[in-house]
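So the structure is just underneath, and the comments pick up after that.
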Amino acid sequence: MSDDLYGADLMALARDGRHAAPPATTPPPEDLVEVRADNPLCGDRVLLFAQREGQDGLATLTHRVRGCAVCKAATTLVCAAIPANRTRLDALEAEVRAMLDGGPVPPTFSPLAPAARHASRHACVLLPFEALRRVWAEG
Amino acid sequence: MSDWRTWFPFLAEPQPLSPHYLDNAATTQIVRPALDALIRAEVQLRANVHRAVHARGEAATQALEQARTAIAAAFGVVAEEIIFTSGTTHALNLLANGLGAGLQPGDQVVVSALEHHANLLPWQQLVRTCGIRLVAVPVDGDGTLSLTALAQAITPRTRVVALGHASNVTGAVLDVAAVRAMSAAVGAKLVLDGAQMARHGPVDLMALGVDAYACSGHKLFGPTGIGVLWAKADLLATLPPLLVGGSMIRQVTLDSATWADPPRRFEAGTPPIAAAIGLGAALQWLATQDHAAMLDHEARLTQRLLEGLAQISAVRVLGPGVNGARIGVVSLEVAGAHPHDVCQILDRHGVAARGGHHCCQPLMAALDLDGTTRLSTAPYTSQADIDAALTAIDDAVRTLT
Ligand SMILES: Cc1ncc(COP(=O)(O)O)c(C=O)c1O
Chain A
440 MSDDLYGADL
450 MALARDGRHA
460 APPATTPPPE
470 DLVEVRADNP
480 LCGDRVLLFA
490 QREGQDGLAT
500 LTHRVRGCAV
510 CKAATTLVCA
520 AIPANRTRLD
530 ALEAEVRAML
540 DGGPVPPTFS
550 PLAPAARHAS
560 RHACVLLPFE
570 ALRRVWAEG
Chain B
1069 MSDWRTWFPF
1079 LAEPQPLSPH
1089 YLDNAATTQI
1099 VRPALDALIR
1109 AEVQLRANVH
1119 RAVHARGEAA
1129 TQALEQARTA
1139 IAAAFGVVAE
1149 EIIFTSGTTH
1159 ALNLLANGLG
1169 AGLQPGDQVV
1179 VSALEHHANL
1189 LPWQQLVRTC
1199 GIRLVAVPVD
1209 GDGTLSLTAL
1219 AQAITPRTRV
1229 VALGHASNVT
1239 GAVLDVAAVR
1249 AMSAAVGAKL
1259 VLDGAQMARH
1269 GPVDLMALGV
1279 DAYACSGHKL
1289 FGPTGIGVLW
1299 AKADLLATLP
1309 PLLVGGSMIR
1319 QVTLDSATWA
1329 DPPRRFEAGT
1339 PPIAAAIGLG
1349 AALQWLATQD
1359 HAAMLDHEAR
1369 LTQRLLEGLA
1379 QISAVRVLGP
1389 GVNGARIGVV
1399 SLEVAGAHPH
1409 DVCQILDRHG
1419 VAARGGHHCC
1429 QPLMAALDLD
1439 GTTRLSTAPY
1449 TSQADIDAAL
1459 TAIDDAVRTL
1469 T
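Protein sequences, first through last, are from chains A and B.
Numbering (my numbering) for the first sequence: 440 to 578.
Numbering (my numbering) for the second sequence: 1069 to 1469.
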């Protein structure tokens, strides 16, 4: 595994606009839930826009991130995963936390694996999960 | 190359962490005499101060008071006006709280949008507790405080003008004489946050003509956990304490207490004895150095840094240029890259820099920035440190943009 936090895969994910929320000028669908998570220490901010499906699922999930490349890449991965339900989200978050603690790397998160060695960046990886939990808490 | 490097133990480590240490605006490295004094205080002099009748306690008390005298001498003031605090933050809270007791609703305190949160939040508290009006002077597009805007903000209702002596984001140095003229014209107290400037002096507080000054030992080559509030004796005499408890009283009954005179009134509890003694030693060491040569060394390195950054097209530097009134604190923006990513790449090159809002969120909001990447020099900074930083920033630009 590369030692380099800023590998090509991570930078590509950080720049990946596929799950970016449309500009604020577009009128949002009525059932759109908007949530936000901030890291007051570093100023990273993740906005997520979700449409719920059923009790525990999501139909759509897009983001707007003001933050570092690590946070942007992690948010892209979380949006790409669109966890089918909360149980899957919890499992994914647990896997990512374990990865940051030096455990096995969930395959889709391998571009973020080098972040494990940088304790100050763990919060950047976890911020989109915090936001996503709010979709259910607040939505 | 200067020999300041020989005074700093961290450079003698076989493999120092972050060998190109350019985060001096956050914390400077400790100078040998301060470390020696700190260790001596914790080993040979360790005892509580002030009320001891044993030799060890008396020696500790004497060393603490000698440190107070040395610190006072470094700032050109008298020892009774030096209050030991835990740092600038504590000092400014103590002062704002004390001054607040004498302010009326509608009285104004003037700060600027450049302030560190430590020189903003204590005054914000007075809005809630005393009904004062807090007026924040805006900055222009590159983070410069306009003296014209400041003059407009100061009115006959202004009781306090509280500003940073030097900015921890842009490195800009305040024109204290001009500000003093404005504050004096309306009879307002002038308070300076000297956290960044104190080591770039010598800071002669009498010559500056300010009313109060705050600084931190860890930014003055001294230990952490110690700082200083200085204020004129007649001002201190009017202030109530922030903390109450042991050591700061004259008389206590079960339902009342009277306060000791300053400085003791403001030093409740056991002070950070060893740290204060260490800070005294740091300032005594600083006083023996060729200050002009030290400032010149840092100015030349800052110039090298600014000139190098000017060659990198993705980089924009905030604040004063090479010829401006500035210290070696340089904040930059890399277009399209977040400061934490930039700092992470700098770290890969052994360069310690700081990225983020630098406890100046209102300034970042005014400039519409997520944060900046900040590099800051010290007397022990070498040309190799600056060149390593420039190479690392080049790498960051290539990797991140
Ligand atoms: C301008 C300024 N003011 C206040 C402070 C707060 O200092 P301390 O954290 O030592 O209390 C700092 C330190 O970062 C500073 O740079």
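Glycine residues also receive a C-beta, built at the ideal position from the N, C-alpha and C atoms.
Where I1413 (chain B) meets chain A, residues with beta-carbon distance less than 9 Å:
Numbered from 1 along the second sequence, position 345 holds the residue referred to as residue 1413 (chain B). Simply L444, Y445.
DSSP state of S1284 (chain B), grouped into three classes?
Stepping through the second sequence from its first residue, residue 1284 (chain B) is reached at position 216. Strand, per DSSP.
Please list the partners that G1424 (chain B) has in chain A, where partner means a Cβ-to-Cβ separation under 9 Å.
In the second sequence, the residue the question calls residue 1424 (chain B) occupies position 356. Chain A residues near G1424 (chain B): L480, C481, G482.
Does any heavy atom of ligand 1 sit closer than 6 Å to the C-beta of G1290 (chain B)?
In the second sequence, counting from the first residue as 1, residue 1290 (chain B) sits at position 222. False, no ligand heavy atom lies under 6 Å from that Cβ.
Quick check on F1152 (chain B): does DSSP put it in helix, strand or coil?
The sequence position of residue 1152 (chain B) within the second sequence is 84, counting from 1. Here F1152 (chain B) sits in strand by DSSP.
Using a Cβ-Cβ cut-off of less than 8 Å, list which residues of the region 1432 to 1465 of chain B approach chain A; keep chain order.
M1432, D1438, G1439
Cβ-Cβ separation, G1168 (chain B) to L1310 (chain B) (assumed contact under 8 Å), whole Å:
Taking the first residue of the second sequence as position 1, residue 1310 (chain B) is located at position 242. Taking the first residue of the second sequence as position 1, residue 1168 (chain B) is located at position 100. With a Cβ gap of about 10 Å, L1310 (chain B) and G1168 (chain B) do not count as contacting.
Could you check if S1381 (chain B) is buried or exposed, using at least 16 other CB atoms within 10 Å of its CB as the buried criterion?
The residue given as residue 1381 (chain B) occupies position 313 in the second sequence. Label assigned to S1381 (chain B): exposed.
Identified DSSP bridge partners for A1420 (chain B)
Numbered from its first residue, the second sequence carries residue 1420 (chain B) at position 352. A1420 (chain B) pairs with B:Y1089.
Contact test: A1186 (chain B) Cβ vs ligand 1 heavy atom, cutoff 6 Å
Along the second sequence, read from residue 1 onward, the residue named residue 1186 (chain B) stands at position 118. Because some heavy atom of ligand 1 lies under 6 Å away, the Cβ of A1186 (chain B) counts as near it: yes.
Could you tell me which of B:A1147, B:R1136, B:V1465 sits nearest to A1301 (chain B), measuring between CA atoms?
Within the second sequence, residue 1301 (chain B) is the residue found at index 233, counting from 1. Ranking the options by Cα distance to A1301 (chain B), first place goes to B:A1147.
Local conformation of L1311 (chain B) per DSSP, three classes
In the second sequence, counting from the first residue as 1, residue 1311 (chain B) sits at position 243. Three-state DSSP puts L1311 (chain B) in coil, outside helix and strand.
Hey, is N1092 (chain B) close to ligand 1, as in C-beta under 6 Å from one of its heavy atoms?
As a working mapping, residue 1092 (chain B) is identified with position 24 in the second sequence. Taking non-hydrogen atoms of ligand 1 into account, the C-beta of N1092 (chain B) is found less than 6 Å away from none of them.
With a cut-off of 8 Å, do at least 3 Cβ pairs link the region 1412 to 1430 of chain B to the region 1371 to 1381 of chain B?
no
Give the residues of chain A in contact with L1468 (chain B), contact being defined as C-beta atoms less than 8 Å apart.
Numbered from its first residue, the second sequence carries residue 1468 (chain B) at position 400. Simply Y445, M450, A508.
Output the distance between the C-alpha atoms of M1069 (chain B) and S1450 (chain B), rounded to the nearest integer angstrom.
As a first step, residue 1069 (chain B) must be located in the second sequence, where it is residue number 1. As a first step, residue 1450 (chain B) must be located in the second sequence, where it is residue number 382. For M1069 (chain B), the predicted structure reports a pLDDT of 44, less than 50, and the residue's modelled location is therefore unreliable. The matter cannot be settled from this model.
Which of the three DSSP states is assigned to E1133 (chain B) in this structure?
For the purposes of this step, residue 1133 (chain B) is identified with residue 65 of the second sequence, where counting begins at 1. Helix.
Note down the Cα distance separating A463 (chain A) from L500 (chain A), rounded to an integer number of angstroms.
Residue 463 (chain A) sits at position 24 when you count from the first residue of the first sequence. Residue 500 (chain A) sits at position 61 when you count from the first residue of the first sequence. Each residue's alpha carbon lies about 15 Å from the other.
For the alpha helix (DSSP H) containing A1204 (chain B), list its first residue and its last residue.
Here residue 1204 (chain B) refers to the residue found at position 136 of the second sequence. No alpha helix (DSSP H) contains A1204 (chain B), which is instead part of the beta strand (DSSP E) from 1201 to 1205.
Kindly indicate if chain A contains any beta-carbon less than 7 Å away from that of D1409 (chain B).
Here residue 1409 (chain B) is taken as the residue at index 341 of the second sequence, counted from 1. Output row for D1409 (chain B): interface = yes.
Are the region 1344 to 1357 of chain B and the region 1137 to 1152 of chain B in contact at 8 Å, needing three or more beta carbon pairs?
yes
Cβ pair Y1281 (chain B), L1273 (chain B) closer than 7 Å:
Stepping through the second sequence from its first residue, residue 1281 (chain B) is reached at position 213. Stepping through the second sequence from its first residue, residue 1273 (chain B) is reached at position 205. It is a contact, given that the beta carbons lie within the stated cut-off.
Determine the extent of the alpha helix (DSSP H) in which A576 (chain A) is found, giving its start and end residues.
On the first sequence, residue 576 (chain A) is found 137 positions in, with the first residue counted as 1. From DSSP, the alpha helix (DSSP H) with A576 (chain A) extends over 561 to 577.
Can you find a CB in chain B that lies within less than 7 Å of the CB of R505 (chain A)?
Numbered from its first residue, the first sequence carries residue 505 (chain A) at position 66. Closer than 7 Å to some Cβ of chain B, the Cβ of R505 (chain A) qualifies, so yes.
Does ligand 1 have even one heavy atom less than 6 Å from the beta-carbon of A1263 (chain B)?
The sequence position of residue 1263 (chain B) within the second sequence is 195, counting from 1. A1263 (chain B) Cβ: within cutoff of ligand 1.
Assuming contact is defined by CB atoms lying nearer than 7 Å, are L1304 (chain B) and P1330 (chain B) in contact in what I supplied?
Indexing the second sequence from 1 puts residue 1304 (chain B) at position 236. Indexing the second sequence from 1 puts residue 1330 (chain B) at position 262. Yes, the Cβ-Cβ distance between L1304 (chain B) and P1330 (chain B) is below 7 Å.
Nearest-angstrom beta carbon gap, V1237 (chain B) and A1434 (chain B) [assumed within contact, 8 Å]:
Against the second sequence, residue 1434 (chain B) aligns to sequence position 366. Against the second sequence, residue 1237 (chain B) aligns to sequence position 169. At roughly 11 Å, the Cβ-Cβ gap does not stay under 8 Å, so A1434 (chain B) and V1237 (chain B) are not in contact.
What are the boundary residues of the alpha helix (DSSP H) that includes K511 (chain A)?
In the first sequence, residue 511 (chain A) corresponds to position 72, counting from 1. 508 to 520 is the extent of the alpha helix (DSSP H) around K511 (chain A).
Tell me G496 (chain A)'s beta-bridge partners as DSSP assigns them.
Sequence index remark: in the first sequence, residue 496 (chain A) carries index 57 (1-based). DSSP, once it has assigned bridges, lists A:E492 as partnering G496 (chain A).
Going along the chain, which residues of the region 544 to 566 of chain A sit with their C-beta nearer than 9 Å to a C-beta in chain B?
Flagged, chain order: H557, S559, R560, C563.
Assuming the contact rule is C-beta atoms closer than 8 Å, L1213 (chain B) and S1180 (chain B) should be a hit. Round their C-beta distance to whole Å, please.
As a working mapping, residue 1213 (chain B) is identified with position 145 in the second sequence. As a working mapping, residue 1180 (chain B) is identified with position 112 in the second sequence. So it is a contact: roughly 5 Å between Cβ atoms.
What's the call for R556 (chain A), buried or exposed, on a 16-neighbour Cβ count within 10 Å?
Sequence index remark: in the first sequence, residue 556 (chain A) carries index 117 (1-based). With fewer than 16 other Cβ atoms within 10 Å, it is exposed.
Using only the heavy atoms of ligand 1, determine whether one of them is closer than 6 Å to the beta carbon of T1157 (chain B).
Start at 1 with the first residue of the second sequence, and residue 1157 (chain B) comes out as number 89. It does: the Cβ of T1157 (chain B) is within 6 Å (strictly closer) of some heavy atom of ligand 1.
When you compare the CB positions of A562 (chain A) and L487 (chain A), do they come within less than 7 Å of one another, or not?
Residue 562 (chain A) sits at position 123 when you count from the first residue of the first sequence. Residue 487 (chain A) sits at position 48 when you count from the first residue of the first sequence. Cβ atoms of A562 (chain A) and L487 (chain A): not closer than 7 Å.
In chain order, what residues of the same chain lie with their CB nearer than 8 Å to the CB of A1474 (chain B), ignoring the 5 residues before and after it?
Past the edges of chain B, shown from 1069 to 1469, lies residue 1474 (chain B), and the structure says nothing about it.
Buried or exposed for M440 (chain A), going by 16 or more other Cβ atoms inside 10 Å?
Working through the first sequence from its first residue, we reach residue 440 (chain A) at position 1. Caution is warranted here: a pLDDT of 42 is assigned to M440 (chain A), below 50, making its placement in the model unreliable, and the coordinate value is therefore given only provisionally. Counting other Cβ atoms within 10 Å of its Cβ, M440 (chain A) stays below 16 and is therefore classed as exposed.
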